[in-house]
Structure formats: C-alpha cells, structure tokens
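Numbering (full-length UniProt numbering), first residue to last: 1 to 879.
Here is the structure we will look at.
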Amino acid sequence: MWNDAFHATRVPHDWQYPVSHTPSPDSTGDSAAFDVHAIQEKWQRLWEQTDPFRAGGDDDTRPRKYVLAMFPYPSGDLHMGHAENYLYSDIVARFWRHRGYNVLNPIGWDSFGLPAENAAIKRGADPREWTYANIDQQKASLRQYGVSFDWSRVLHTSDPDYYQWNQWLFQQLFERGLAYRKESPVNWCPHDQTVLANEQVVDGRCERCGTEVVKKKLTQWYFRITEYADRLLDDLNQLEGFWPHKVLQMQRNWIGRSVGADIDFEIEGRADKVTVFSTRPDTLHGATFFVVAPDSDLAAELAAGSTPEVRMRFQDYLEKVQKVTDIDRQATDRPKTGVFLERYAINPINGERLPIWAADYVLADYGHGAVMAVPAHDQRDLDFARAFDLPVRVVVDTTAPVTGAIPVIELDAAGEPIDPEGGLDVADELDPAVTGIALTGEGRLINSGVLDGMNKRNAIARAIELLEAAGTGRAAKTYRLRDWLISRQRFWGTPIPMVHTDDGRIVPVPADQLPVELPSVKGLDLTPKGSSPLGAATEWVTTVDPETGEPARRDPDTMDTFVDSSWYFLRFLSPGDQTQPFSQREADRWGPVDFYIGGVEHAILHLLYARFITKALYDMGHVEFTEPFSSLINQGMVILNGAKMSKSKGNLVLFQQELDAHGADALRVGLAFAGPVEDDKDWADVSTVGAAKFLARALRIAGDVSSKPDVVWADGDIALRRVTHRLLADAPALVEQTKFNVVVARLMELVNVTRKTIDSGAGAADPAVREAAEVTAMVLDLFAPHTAEEMWSILGYEPFVGLVPWRQADPTLLVEDTVKAIVQIDGKVRATLEVSARIDAAELEAMARSDERVLRSLAGREIARAVVRAPKVVSFTTA
C-alpha cells in the first residue's frame, strides 16, 4: 500500500519492531496506557543511532528544500520561544520530506556575545566554559524535543574554524572599500562599556541591558552598508508575498530613502560652502533661518569663529545635548531648544541672509548635519521659529487646486511675476505663524518668483534645474540608514584581523595567518572599562608589520556578533571545510534558504545585515543569488497571562519542566494547536494535558487495528474514508500557509471519527480504520514524531514514518454526495435543505417551494421572482 522507499534507512540489527499492543480497556484509560517518556527515549535513541534526517548528498536526485530556524544564543537552557520556533521549522522540514524532497534542516549556535562575557565576569570564569556548557544543555534539550535536525552540520560561531571566515569576510570587504575606520559620535552603553549600532538602540536604551545610551566620539570600524541602500530597498519588491508585509515595511522605513536636492549655501566668513539636503528644494524662498546639529564639527567650527559669549553659550548647550539620546531629540512633542551662533548663511536662490542656529532636533549624521529651515511647511521648523520668534513665510498655497486651471499671474517686462502689495498670502486663519500648524499638504507655489503657480512636482524639478544651472545644487538622495558600526570593546567576539603599524598604516593580517585566535583569559581582566580587554593582552596584541617586519599591534576590538549571523546559513552548507568559508557548488545546489523561521524582533538588525552580506558576496562572485531567504515566517511570542515571560518578573514557564511533566509530543501539539503561527500564544491557553489525551487516543486506535497491512482499503467504511482523504487533500495547502493549528484540529477530527467507527459495530477490522490510523500516523509525524513512530510500529511497519511519501487523496472520495442548500425569502434565510450535490436548478426550486418552513414564512404571499444557484442557494422575492 505504501511506497517502500522509506525502508532504505537502515536500523540496528537487534532492533525490535512491535506489531501489536494490547489496547487499553476504555477511552478513559488512554493517558495511563502508554508511557510517553519510554516511547520518547526509544525513538530518540534510534534516531541518534541511524541519523535518518541527514540531508542527501551528491547522489540524491530528489528536489531540494533548505529549511532553517534562526539559530539560538546559548544563554541557558531553551525557553518557550525556542520551543515554538523549532517546532514550526520542524513541521515544515518533516512535511517536505513526506512530499519527496531532500531536506536540509541544520542547527548551530550563535555563541559569541555579551551575555557570555558578562556571565563569565560575574562568575570569575572563562566565557568559553559557560558558553559550551549551555550549548551541551541546549543540544540535549533539542534532541529530547524530537526536532529532525541534520546533526552532521552543527556549527558554533565561537569556534576558530568558524570565525576564521568572519575574518576572511572582513578582509574581503576591506579590499573593496566596504570596511573602513573613522572617528564619529557613536552610541555608547555605559553599563556594557561598548559601542552599539543604531539598530541596537531601542527607545534610547541598550537592547541588551536596558541602560540609557549616550553619545561618545570614538574611532571605530564600519561596514559601508549605505553603498547598498538602493538595492536593499528596491529588492524588497522581490520578497512581496513571501515575507510578512510588516517586516518589509519596517525595512523600508529603516532604510528611509528620501529624494530631493543637495543645496550649497555660502557661510559669511567661511571659505567653503555648506551643503544641505532637502526633499523640497521648491520651498527655498520660504527658508528663513539655517540650523546645524550642535554635536557636528560644523557647529563647533562656526561657534569658534563667533564671539566669546556665543562660544560659552554653545559649549554649555552642547554638554546638555550630549546627555540626550537621538530618539529623544527627534521626539515631535519635545520643546525646541537652541543657540544662535551669530553667523549667517546666504540663500543661493535669492541672496537672503539666514541666521544660523545650533539646535538639537537636527542630527549630525542625517544628510550633512545641517538644514535650511522652512517653518511655514515643516512642523519642527515651525515649532522652533515660534519658540525663538523667527520669521515664517508661506510659499505653498495649500488651498489652491493642484490640477486644472493655473492661477493667472502677471509678469513684468523681465518676465518676473508682479508681486501684489503685501505679497501673495494665504488667509490669516491658515497662517502657520498664527495657527502653529505647518502647511504640509499639496498646493501651488506662491511668493517664489518663477516657481509661482506651479504644483509641487513641477516646482521641485524646476528648482533643481535652476540650482544646477547656477552651480549651487544638484539632484540627490539621502537615507535614514547609516553605515554598520561593527567594532566592539569586548573580549568574547571575533578579533578584527588588522594590524596597526608604528607609521600609522592599517594592514590586513596575511591570509595564511588566519584565524587570529582569541588568547587565553588567564591573567586578563574582562571587566568593561571603555576599551577592549584584548588591548591589555600584551603578548597577544604585540605582532609585526607583515610588510616590513617592524613591531606593530593587533587591532584590540572584536566584531559585532551580527557579523557572525550575517552569513551562517552559508556555512551550514559545508561546515567542516577548512579551505573556504563555504562551497560555491553547495551554495548553488541549496541556496537561497527556502523557508526561514524566527521572531519579528530580528526584522531590521539580523535580516538587513544578512541581506547586505549576501549582496556583497554576490558582487564578489561567491553566490548566484542576491537575497538570502526566499520565504520568511515570523512566529509570535509565548506569553503568560498577557505578559511577556521574564526571570525578573518570575513568570517563566520552564521548558524542561514541561518536557518532564507531559513529554515532548504533548508540548509540541499543545503549542501547534494554540493558535496561528504569527499570533502571540498565552501559555494559560496552551493545553498540554489535552494534547496528551489526544495523543493517547491516537495510540489506542493504532493498537485497536486488527486488519493486516495488506488489507484492501477500498472495502472500508465510506464515511470514514471521506474524512481521511479530505485531510490528505487539504493538509498540504494548510501547512504551506502555516495553518498548523488547523491541521491539528483536522487530525483530532479524524481520530474522533475513527474511534466512533471502531465503536459503532464495524469494528477494528474495518479496512478504513487501518487506513485512517496510518494516515493519522503520517500526518501526526509533523507535530508529535515520537507518537507517530510508535503508531507506525504498532501498525506493523518498519521505521521511519518520517520518511514515508505523502499518500495522494482519492479524488472520488472528495466529491460530496449531499450539500446544504439555503433558502432565502426577501433576503432572509428561512430554511436549509439537505440535497444531492448533483441536483439541478428546477428540482431544487421545486423542493424549496414545497418545504413546510418556506410555506409558513411565505404566509400566503406570492413569489414574484426566484433566483436559483444549484446546489447551494434558492432566493425568493415576494410581491
């Protein structure tokens, strides 16, 4: 009956295949009839001995699927978030094996990082010991959980044979100008004593420890991710429909491309011009002042060239600004503050002198760290202007139509518009200087010379033409995205493979000297001090200039751990290869990842960096695809009583406790059944007890089957066979749509109908009962693999049910014999009829007209019109 292909996996010669179990006497004894832990241990032992889920090699001709769950950080044992993540990835991996695919489903550990180092400091231990002890614990838990990983491909990012290739990647980027070093204000965590990328600052605080982040000026290493900003943004279109819309939108917002113009302003008393970026160069006539970021080099220079009083006020202001996070500085409801620098910029379009202010609502790393302020049409500029009594000039009439007839504007002999007395104004009730509300809508230009009467789009284009003709501006783009700051002043990370020479050069460590391994922690103080502990490892940090042989020093910083996770999916393809980071041939065979599964909290950090590195590797010729993950699944969180679980709140549900109490399969089924994948699941609503009872009922059915494996199923109960084959037909689409909870519900339905069939008199010998039990075991393998294997063994088959090809549904069993037809009278449902699925319209109408419920509802009224849609609907309209 079943394809024999699954018998190819060899099992130990002494393995016993039980063919029958004594059924429990009644349904109430289901839970007690089977020892779930003994079953669990039995199948885990066999899986470990035979490794049935290893991905096939070169001789495997099946089509391939690469399924990957975001790998864990070893901060302790697994928690319920892990239980959910690896359950979903395992469901997908097992499903595609049943569908005839060669599936790669690997596991590894993201094992560098601050938690390990902080734990080591607290315990006075080596972070290696803490990290690898936790990895061992998590490995044991994942095996106990029954996840069908390919255990031949395990990797740890803290192993030298992994981070050697981090260093290789760094040097590849350095050679291409994509890794560089510069001094700039950075996000600094006072608690962890290390820098943070912008993406690692959440609501102004360190994402790791929650400490409020401050700004600090340091020389750091960066990856030039902005070089790829357009591709990172535009290529998101390829992922529409395959990634959650929320994630795509978060990345678009983070990259934040703005299109406009770079405009050059002269500064009185300064030789070089200052460039500002504006999305609205058409509003240049509305600029009434100029703003620079107080923490920019430009602000310091301008203040230094002003009066002593200005310099003093500026310095006091700067000290205050440095205590405020960028997030707070950008808050729209925050009172505007600033210092007039008593310097002036010259508006390039009309020659007006614009007073220059230093104000903290402008950031040093946005655009060029300076903006032209057009308060009538920008709310932040308007708030600042009103706070310091600065002019507000309206240059866009938002009451004017942007289509249709253009207002007539008289021109003088030179072709310039004749400005009516008092200028072209809007009514006082719309004047931002009066209302405090900026005019940001569409409209037509006023008070703007040759731009008057134009709509926004045309005025922007014309303004850029004028700037380019005058040599004072040009079309430009800018981005919210900033280059990726990768330096970390901590020990437990990948050493940066660069050498600093005495004459100021920075050169790569020779390739044949990689990896640059971390030294022993013996004698090192890992306590955060603002500089990397590696700098104090005198013997390690001292090296020679590879070009001259003269004394030199290693770079003391380590890399951000997001470098580790930006390409790990490729290392899984050939994790033991000592000659290259990954096999390009294997990347061509398996990449990109078909199904990537993990939390939405990684929507920006990890996913954006992985996309950037993939594109860089594509440009280097190492991969043939430009996106790393073809399909993305985000799971919700597991919460407790409406709150996020945490140790500090004391509301943790412990993974190991649940395994010990109910077994892996009950935990897996309980989570899968709890709700849609993307929704948060409240543990209070997860019923592992109910799941355990369901699994015991399924096992009992397998034990009740008394027919032989070669029985002819077509002879069985037709009603049960319909339920069985509807599940076979519907489950694939439900799994592909990640409606795992619906598949579990359908399995429960099949088990219940099977139980009723057994108890109804046809009995356990009915061929349809065996068919239903075998299909239950196969589909149940996705969710409860230990129970499924035990059922398969009870039913008389050799292992493994996890490798059994998906049985095709019989289409003749999917055709409904009868359907429910509704009868409406004047739009209201008055009756339902059980009718043949093949009934014609005339017969259906006749049945409806003669139905007693319909006649009562008509109450003597005549039917003026009948609309019949056989076999489902009859609609009567009365006179």
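Where a beta carbon is used, it is the ideal one built from N, C-alpha and C, also for glycine.
Tell me, please, which residues DSSP counts as bridged to K708. For this step, residue 708 is matched to residue 708 along the sequence shown. Answer is none; K708 lacks a bridge partner.
Can you have a look at I267 and say buried or exposed, based on whether 16 or more other CB atoms are within 10 angstroms of its CB? Counting from 1 along the sequence shown, the entry for residue 267 is found at position 267. So I267 counts as buried.
Using 8 Å as the cut-off, can you tell me whether the region 113-130 makes contact with the region 454-464, which would need three or more C-beta pairs spanning the two stretches below that distance? no
What are the start and end residues of each continuous alpha helix (DSSP H) run of 4 or more residues lying completely inside the UniProt domain "Methionyl/Leucyl tRNA synthetase" (66-212), in chain order? Within the UniProt domain "Methionyl/Leucyl tRNA synthetase" (66-212), the complete alpha helix (DSSP H) runs of at least 4 residues are 80-98, 114-123, 127-144 and 160-175.
Following the continuous beta strand (DSSP E) through G473, name the residue where it begins and the one where it ends. Taking the sequence shown and counting its residues from 1, the one referred to as residue 473 is at position 473. Counting along the chain, the beta strand (DSSP E) containing G473 begins and ends at G473 to T478.
Do you know offhand how far A400's Cα is from M637's? Reading the sequence shown from its first residue, position 400 is the one you call residue 400. Reading the sequence shown from its first residue, position 637 is the one you call residue 637. The alpha-carbon separation between A400 and M637 amounts to approximately 50 Å.
Exposure label - I718; buried when at least 16 CB within 10 Å: By 1-based counting over the sequence shown, the position of residue 718 is 718. Exposed, because fewer than 16 other Cβ atoms sit within 10 Å of the Cβ of I718.
In the UniProt domain "Leucyl-tRNA synthetase editing" (252-398), which residue ranges form an unbroken alpha helix (DSSP H) of at least 4 residues, counting only runs that do not cross its ends? 297-304, 308-321, 326-329 and 379-387
Test item: CB-CB of A765 and S836 under 8 Å: Residue numbering aside, residue 765 sits at position 765 when the sequence shown is read from its first letter. Residue numbering aside, residue 836 sits at position 836 when the sequence shown is read from its first letter. Cβ atoms of A765 and S836: not closer than 8 Å.
Between which two residues does the beta strand (DSSP E) containing M498 stretch? Sequence index remark: in the sequence shown, residue 498 carries index 498 (1-based). M498 to T501 is the span of the beta strand (DSSP E), which, as asked, contains M498.
Cβ-Cβ distance between P556 and S532 below 8 Å: The residue given as residue 556 occupies position 556 in the sequence shown. The residue given as residue 532 occupies position 532 in the sequence shown. Their beta carbons are under 8 Å apart, which means P556 touches S532 by this criterion.
Residue from E319, K139 and P732 with nearest C-alpha to V214: In the sequence shown, counting from the first residue as 1, residue 214 sits at position 214. Ranking E319, K139 and P732 by Cα distance to V214 puts E319 first.
In the DSSP assignment, find the unbroken beta strand (DSSP E) run with Y596 in it and report its ends. Along the sequence shown, one-based indexing puts residue 596 at 596. That run of the beta strand (DSSP E) goes F595 to G599.
Could you have a look at V868 and say whether DSSP puts it in helix, strand or coil? Here residue 868 corresponds to residue number 868 of the sequence shown, with the count starting at 1. V868: strand per DSSP, three-state reduction.
Identify, in the order they occur along the chain, each residue of the same chain with its Cβ nearer than 8 Å to the Cβ of G443, setting aside the five sequence neighbours on each side. By one-based count along the sequence shown, residue 443 stands at place 443. Sequence-distant Cβ neighbours of G443 in its own chain, meaning closer than 8 Å and more than five residues away, are V396, D397, T398, T399, A400, V402, N455 and K456.
Can you list, in chain order, the residues of its chain whose CB lies under 8 Å from that of residue 880, leaving out five sequence neighbours each side? Limits of the chain in this structure are 1 at one end and 879 at the other, which puts residue 880 out of reach.
Quick one: grab the DSSP three-state call for residue 890. Outside the displayed span of the chain (1 to 879) sits residue 890, for which this structure offers no information.
Out of Y66, V867, I486 and K529, which has the shortest C-alpha to C-alpha gap to F95? Within the sequence shown, residue 95 is the residue found at index 95, counting from 1. It is Y66 whose Cα lies nearest to the Cα of F95.
Within 8 Å, strictly: CB atoms of V662 and A692: Counted from its first residue, the sequence shown places residue 662 at position 662. Counted from its first residue, the sequence shown places residue 692 at position 692. At residue 662 the sequence reads His, which differs from the Val that was named. Yes, they are a contact pair.
Among V321, V723 and T288, nearest to F388 - alpha-carbon criterion: Mapped onto the sequence shown, residue 388 falls at position 388. Nearest C-alpha to F388 among V321, V723 and T288: T288.
Can you tell me where the alpha helix (DSSP H) holding P432 begins and where it ends? Taking the first residue of the sequence shown as 1, we reach residue 432 at position 432. Counting along the chain, the alpha helix (DSSP H) containing P432 begins and ends at P432 to T435.
I'd like to know whether the C-beta atoms of Y86 and Y145 end up nearer to each other than 8 Å. Locating residue 86 in the sequence shown gives position 86, counting from the first residue. Locating residue 145 in the sequence shown gives position 145, counting from the first residue. Yes.
Name the DSSP bridge partner or partners of Y222? As a working mapping, residue 222 is identified with position 222 in the sequence shown. Beta-bridge pairing links Y222 to Y180 and L485.
Entirely enclosed alpha helix (DSSP H) segments - the region 544-598, minimum 4 residues: Segments of the alpha helix (DSSP H) lying fully in the region 544-598: 561-564, 568-571 and 584-590.
Quick one: Cα of R611 to Cα of I356, how far? Position 611 of the sequence shown, counted from the start, is the residue given in the question as residue 611. Position 356 of the sequence shown, counted from the start, is the residue given in the question as residue 356. Whole-angstrom Cα-Cα distance: 40 Å.
Excluding five sequence neighbours on each side, which residues of the same chain lie with their C-beta closer than 6 Å to the C-beta of W165? As a position in the sequence shown, residue 165 is number 165, starting the count at 1. Excluding sequence neighbours, W165 sits near P581.
Would you call the CB atoms of A587 and V563 closer than 8 Å? Residue numbering aside, residue 587 sits at position 587 when the sequence shown is read from its first letter. Residue numbering aside, residue 563 sits at position 563 when the sequence shown is read from its first letter. The answer is no: Cβ separation not under 8 Å.
So for N651, helix, strand or coil by DSSP? Working through the sequence shown from its first residue, we reach residue 651 at position 651. Here N651 sits in coil by DSSP.
May I have the straight-line CA-CA distance separating L844 from V775, to the nearest angstrom? As a position in the sequence shown, residue 844 is number 844, starting the count at 1. As a position in the sequence shown, residue 775 is number 775, starting the count at 1. Going from the Cα of L844 to the Cα of V775 covers about 37 Å.
With a cut-off of 8 Å on the beta carbons, I'd call V769 and L747 a contact; round off their distance for me. The residue labelled residue 769 in the question sits at position 769 within the sequence shown. The residue labelled residue 747 in the question sits at position 747 within the sequence shown. Between L747 and V769 the Cβ distance is about 16 Å, and since that is not below 8 Å, they are no contact.
Give the straight-line distance between the Cα atoms of W221 and Q40, rounded to the nearest whole angstrom. As a first step, residue 221 is located in the sequence shown; it is residue number 221 there, counting from the start. As a first step, residue 40 is located in the sequence shown; it is residue number 40 there, counting from the start. Going by the C-alpha atoms only, they are around 49 Å apart.
Between which two residues does the alpha helix (DSSP H) carrying K42 extend? On the sequence shown, residue 42 is found 42 positions in, with the first residue counted as 1. V36 to T50 is the span of the alpha helix (DSSP H), which, as asked, contains K42.
Which stretch, first to last residue, makes up the alpha helix (DSSP H) that contains K615? Counting from 1 along the sequence shown, the entry for residue 615 is found at position 615. Where K615 is concerned, the enclosing alpha helix (DSSP H) stretches over L605 to M620.
Spatial neighbours of D483 within its chain, please: C-beta separation below 7 Å, excluding the five flanking residues on both sides. The residue given as residue 483 occupies position 483 in the sequence shown. Result list for D483: Y222, F223, R224, I225 and T226, in chain order.
Taking 7 Å as the limit between beta carbons, can you name the residues of its chain near A684, skipping five residues before and five after? By 1-based counting over the sequence shown, the position of residue 684 is 684. Excluding positions up to five away in sequence, the list reads L640 and N641.
At what residue ranges does the region 795-848 contain a whole run of the beta strand (DSSP E), taking only runs of 3 or more? Secondary structure remark: continuous beta strand (DSSP E) runs of at least 3 residues inside the region 795-848, in chain order: 818-825 and 828-836.
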